[in-house]
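K.L.:
Residue numbers (the working numbering): 226 to 428.
For each residue, glycine too, the CB sits at the ideal point set by N, CA and C.
The structure presented is a predicted model; accordingly, all values stated were derived computationally and were not measured.
This is the structure I have questions about; it appears just below.
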DNA sequence: GTTATGATTTACT
DNA sequence: GTAAATCATAACG
């Protein structure tokens, strides 16, 4: 099995102030989970940036603070997981400093390790793209649920490793998905994904 | 207390 | 193309 193990990126990485740049930079890096003793590793292929109070698509728009989104106001490096449509556990990484409610939504990974666990969790026989493409599918494959709400991303259970950042020519941008209610902010090109990659939710 | 709804996915016409 | 699934949270009264 294993690729050589890597150290997790330090929490300071997630405390950068430019959430859009960070969403782009996360492409190509490795997301590791070890839930219930099941180790899975995926290469990040799709992300979206949510820019705190000034972003109409963000749960923290206009400084909105609720029980659900309060962790967005913590320091970068916390996990923000919430249940969407009563079914899907969507996984975000909180970024920036305390008081700045920015986050990056992780939407897809390419399976690298523990694919058997991912297939079992998803009820699939083959590693079709939908195994880990799409935020709900990705979380389910990696065992991420709201039980991880507020967890720091520097533990054996949940971490991001350096991986191999993507060169610009392999990065595509697009408007974010499923936020038509956000008016003009729905047009912002804050979705990032790897070109020519099958483990991506939409072209 | 009651109601509306969603940063989605899947199945079906 | 449309619709159902499914429920914790948020908004409202």
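1. Considering residue 257, what are the terminal residues of the beta strand (DSSP E) in which it resides?
2. Taking the alpha carbon of residue 407 as the point to measure from, which residue in 380, 278 and 385 has its own alpha carbon closest?
3. Leaving out five residues before and five after residue 272 in sequence, what residues of the same chain have Cβ atoms less than 8 Å from its Cβ?
4. Spatial neighbours of residue 422 within its chain, please: CB distance less than 6 Å, with the 5 preceding and 5 following residues excluded, ordered by chain position.
5. Between the beta-carbon of residue 290 and the beta-carbon of residue 410, is there less than 8 Å?
6. Is it the case that the region 300 to 319 contacts the region 370 to 383, given that we only count it when at least three CB pairs across the two stretches are under 8 Å?
7. Who are the near neighbours of residue 373 in its chain, counting only those whose CB is closer than 7 Å to its CB and skipping five residues on each side?
8. For residue 317, which of helix, strand or coil comes out of DSSP?
9. Determine the direct distance from the alpha carbon of residue 350 to that of residue 325, and round the result to whole angstroms.
P.N.:
Put simply:
1. Taking the first chain and counting its residues from 1, one reaches residue 257 at position 32. For residue 257, the uninterrupted beta strand (DSSP E) run begins and ends at 255 to 260, by DSSP.
2. Residue 407 sits at position 182 when you count from the first residue of the first chain. For residue 407, the nearest C-alpha among the options comes from 278.
3. Indexing the first chain from 1 puts residue 272 at position 47. If we look at residue 272 and ignore the five residues flanking it on each side, its Cβ neighbours are 248, 249, 251, 252, 329, 330, 331, 332, 416, 417 and 418.
4. Within the first chain, the letter at position 197 stands for residue 422. For residue 422, the CB contacts under 6 Å within the same chain, skipping 5 residues up- and downstream, are 270 in chain order.
5. Counting from 1 along the first chain, the entry for residue 290 is found at position 65. Counting from 1 along the first chain, the entry for residue 410 is found at position 185. No.
6. With a cut-off of 8 Å, the region 300 to 319 and the region 370 to 383 count as touching, because enough Cβ pairs lie within range.
7. Translated into positions along the first chain, residue 373 becomes position 148. These residues qualify, in order along the chain: 304, 306 and 383.
8. Locating residue 317 in the first chain gives position 92, where the first residue counts as 1. Of the three classes helix, strand and coil, the one that applies to residue 317 here is strand, per DSSP.
9. Along the first chain, one-based indexing puts residue 325 at 100. Along the first chain, one-based indexing puts residue 350 at 125. Roughly 42 Å between the two C-alpha positions.
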